[in-house]
Amino acid sequence: MIAKETLQLPEISQLPDFGLYMDQVITYMEKSYPKKPLTKTMINNYSKDKILFPSIKKKYSREHLMLLSLIQILKRTLTLPEIKILLGPISKECAKGETESLYTLYEDFHGLFKATLSQSEDLRITASEGLSDSRVKILVYSLISAYFGNLSEELLAETERLNQ
Numbered sequence: 007m008i009a010k011e012t013l014q015l016p017e018i019s020q021l022p023d024f025g026l027y028m029d030q031v032i033t034y035m036e037k038s039y040p041k042k043p044l045t046k047t048m049i050n051n052y053s054k055d056k057i058l059f060p061s062i063k064k065k066y067s068r069e070h071l072m073l074l075s076l077i078q079i080l081k082r083t084l085t086l087p088e089i090k091i092l093l094g095p096i097s098k099e100c101a102k103g104e105t106e107s108l109y110t111l112y113e114d115f116h117g118l119f120k121a122t123l124s125q126s127e128d129l130r131i132t133a134s135e136g137l138s139d140s141r142v143k144i145l146v147y148s149l150i151s152a153y154f155g156n157l158s159e160e161l162l163a164e165t166e167r168l169n170q
């Protein structure tokens, strides 16, 4: 289905392990996320908002690409302030050269990524079985999104309390 095709998360080994300039980052991310392209302004705003740690001598590392990949997925359902609650502390660690939390988060999420998409596709099929009215399907998909959105909001509020 469409959502499955547009949601991707490269393995860490697939990410370049050398510094990229901004234009190269944009090109790389466009190949991974063609439906939701990044702009220079967006990346600069993520850095300004401390969701993404600053580039090093105008070059972006594998860790930057990992964070940008996570942001690309998260921004579909979370606001930037919510993404900052989740990724801000990790970005701050990365700025200090401490990347273990980012690698752990990314690897754990990547490990669940395909199975979660597969289960979501099964849920989509089950939820829309016998429905021919696309408006009802939209409502059902929106309900599922709202349900999991509420769960995310609850966990984000808890995470924010723990980060303070």
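Numbered according to this note's numbering, the sequence shown spans residues 7 to 170. Where a beta carbon is used, it is the ideal one built from N, C-alpha and C, also for glycine.
Classified as buried, Phe-59 has 16 or more neighbouring CB atoms from the shown chains inside 10 Å of its CB. Collapsing the DSSP output to three states places Leu-111 in a helix.
Under the 10 Å beta carbon count, Leu-73 is surrounded by 16 or more other beta carbons and is classified as buried. Gly-25: not part of any alpha helix (DSSP H); DSSP gives it neither H nor E.
The beta-bridge partner set that DSSP reports for Tyr-66 consists of Leu-26. For Asp-55, the closest C-alpha among the options Lys-98, Ile-131, Ala-152 and Arg-167 is that of Lys-98. In the displayed model, Tyr-34 falls within a helix according to three-state DSSP. For Leu-84, the closest C-alpha among the options Glu-164, Asn-156, Asn-169 and Tyr-109 is that of Asn-156. Runs of alpha helix (DSSP H) with 4 or more residues, each lying fully within the region 123-149, are absent.
Beyond the five residues adjoining it in sequence on each side, Leu-26 comes within less than 7 Å, by CB distance, of Tyr-34, Lys-65 and Tyr-66 in the same chain, given in chain order. Cα atoms of Tyr-39 and Leu-137: separation of roughly 30 Å, rounded to the nearest angstrom.
The beta carbon of Tyr-52 lies closer than 7 Å to those of Leu-58 and Ile-77 in the same chain, with the five residues before and after it left out. Taking Lys-81 as the centre and dropping the five residues before and after it, the same chain places the C-beta of Lys-42 and Ile-89 closer than 8 Å to its C-beta, in chain order.
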